[in-house]
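Before any comments, here is the structure.
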Amino acid sequence: EAAVTQSPRNKVAVTGGKVTLSCNQTNNHNNMYWYRQDTGHGLRLIHYSYGAGSTEKGDIPDGYKASRPSQENFSLILELATPSQTSVYFCASGETSSYEQYFGPGTRLTVL
Amino acid sequence: GEKVEQHESTLSVREGDSAVINCTYTDTASSYFPWYKQEAGKGLHFVIDIRSNVDRKQSQRLIVLLDKKAKRFSLHITATQPEDSAIYFCAAETGGYKVVFGSGTRLLVSP
């Protein structure tokens, strides 16, 4: 069954450390997205990609980098993690000409 | 840029009653409005959408209404069941196959 998976599901990091969140999709979708979910803010778009090798800045990209090495994989990188980046992160994929998105289960990140 | 405001942060209804969640948006150019459901501890999944060329869409117990003049859209869940309990997010497209989400409404359906 087509799916979006994320790893790790839970992560505790130290301030100033590097964190990589990974996303894999078997939907063969070109579009992929990274969001963070915080109470009162809903989901906010961090980075997105239209295909392998492409990354674009979303609405709140500061402090985050993204990497899309292949159709299936999209990573979110926090080079210098800060406590303000404590959140739940969701990855999603979508078809080229569609707004409908398919979400992974989320990664809960705590930065101490 | 587009902003979406979701008016009810929590909503409690009795099983069998209807639930209504209201959202407003700012960009008159937005033409696509999806709704997503998030069950506890899970990611979001798509439940229904509406495009700006219609003002009403129904899928089983879900009805979406769109008022373009007021820049308002709403999700109506009829004959609610306990399994409808979840967080519901409205969203509006912002171009480039991206959407902006509302802040979410926690719906609790009690027996």
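Residue numbers (our numbering), protein chains in the order written: chain A, 1 to 112; chain B, 1001 to 1111. Where a beta carbon is used, it is the ideal one built from N, C-alpha and C, also for glycine.
Between the CA atoms of residue j and residue i - distance to the nearest angstrom
i: residue 1084(B); j: residue 99(A); result: 24 Å
i: residue 43(A); j: residue 1001(B); result: 15 Å
i: residue 1105(B); j: residue 1048(B); result: 16 Å
i: residue 1016(B); j: residue 1062(B); result: 13 Å
i: residue 9(A); j: residue 1101(B); result: 23 Å
i: residue 45(A); j: residue 56(A); result: 10 Å
i: residue 58(A); j: residue 1098(B); result: 9 Å
i: residue 1134(B); j: residue 41(A); result: Nothing about residue 1134(B) can be read from this structure; chain B reaches only from 1001 to 1111.
i: residue 82(A); j: residue 38(A); result: 15 Å
i: residue 1005(B); j: residue 1077(B); result: 19 Å
i: residue 17(A); j: residue 1028(B); result: 43 Å
i: residue 101(A); j: residue 1044(B); result: 9 Å
i: residue 1036(B); j: residue 1088(B); result: 6 Å
i: residue 1026(B); j: residue 68(A); result: 32 Å
i: residue 1024(B); j: residue 1032(B); result: 13 Å
i: residue 6(A); j: residue 21(A); result: 7 Å
i: residue 54(A); j: residue 1013(B); result: 45 Å
i: residue 14(A); j: residue 1020(B); result: 42 Å
i: residue 77(A); j: residue 36(A); result: 13 Å
i: residue 1103(B); j: residue 1010(B); result: 11 Å
i: residue 1059(B); j: residue 1074(B); result: 14 Å
Cutoff 8 Å; reference residue i; Cβ partners in own chain excluding five residues on either side
i: residue 103(A); result: 4, 90, 91, 92
i: residue 1030(B); result: 1002, 1052, 1092, 1093, 1094
i: residue 61(A); result: 46, 47
i: residue 1054(B); result: 1066
i: residue 1018(B); result: 1076, 1077, 1078, 1079, 1080
Terminal residues of the beta strand (DSSP E) in which residue i lies
i: residue 1034(B); result: 1032-1038
i: residue 111(A); result: 107-111
i: residue 79(A); result: Neither: residue 79(A) is in no beta strand (DSSP E) and is coded neither H nor E.
i: residue 1094(B); result: 1086-1095
i: residue 30(A); result: Counting along the chain, residue 30(A) falls outside any beta strand (DSSP E), and DSSP gives it neither H nor E.
i: residue 19(A); result: 19-25
i: residue 48(A); result: 42-49
i: residue 66(A); result: 65-67
i: residue 1050(B); result: 1044-1051
i: residue 5(A); result: 4-7
i: residue 93(A); result: 87-94
i: residue 1113(B); result: This structure does not reach residue 1113(B), given that chain B is present from 1001 up to 1111, and the question cannot be answered.
i: residue 14(A); result: Neither: residue 14(A) is in no beta strand (DSSP E) and is coded neither H nor E.
i: residue 1005(B); result: 1004-1006
i: residue 1029(B); result: Per DSSP, residue 1029(B) belongs to no beta strand (DSSP E) and is neither H nor E.
Cβ shell of residue i (< 6 Å), same chain only, five flanking positions each side left out
i: residue 106(A); result: 88, 90
i: residue 71(A); result: 52
i: residue 73(A); result: 24
i: residue 1096(B); result: none
Nearest-angstrom Cβ-Cβ length linking residue i and residue j, presumed shorter than 8 Å
i: residue 48(A); j: residue 33(A); result: 5 Å
i: residue 1072(B); j: residue 1022(B); result: 7 Å
i: residue 1109(B); j: residue 1081(B); result: 6 Å
i: residue 28(A); j: residue 50(A); result: Not really, about 14 Å apart at Cβ, beyond 8 Å.
Contact test: residue i Cβ vs the ligand MN heavy atom, cutoff 7 Å
i: residue 36(A); result: Inclusion of the ligand MN in the displayed structure is not the case, the ligand content being empty and no account of it being possible.
Own chain, CB closer than 7 Å to residue i, minus 5 neighbours either side, in chain order
i: residue 1034(B); result: 1046, 1049, 1091, 1099
i: residue 12(A); result: 110, 112
i: residue 79(A); result: 18, 65
Residues of the segment 1094-1109 of chain B whose Cβ lies closer than 7 Å to any Cβ of chain A, in chain order: 1097, 1098, 1099, 1101, 1102, 1103, 1104
Anything in the segment 18-43 of chain A with a Cβ closer than 7 Å to a Cβ of chain B? List those residues in chain order, please. 31, 40, 41, 42, 43
Can you give me, in chain order, the residues of the segment 1027-1060 of chain B that have a beta carbon less than 9 Å from any beta carbon in chain A? 1032, 1034, 1036, 1038, 1041, 1042, 1043, 1044, 1045, 1046, 1049
Using Cβ-Cβ distances below 9 Å, what residues of the segment 84-102 of chain A are close to chain B? 90, 91, 92, 94, 95, 96, 97, 98, 99, 100, 101, 102
According to a CB-to-CB cut-off of less than 7 Å, which residues of the segment 1072-1093 of chain B neighbour chain A? Within the segment 1072-1093 of chain B, contact with chain A at the beta-carbon level (separation under 7 Å) is assigned to 1089, 1093.
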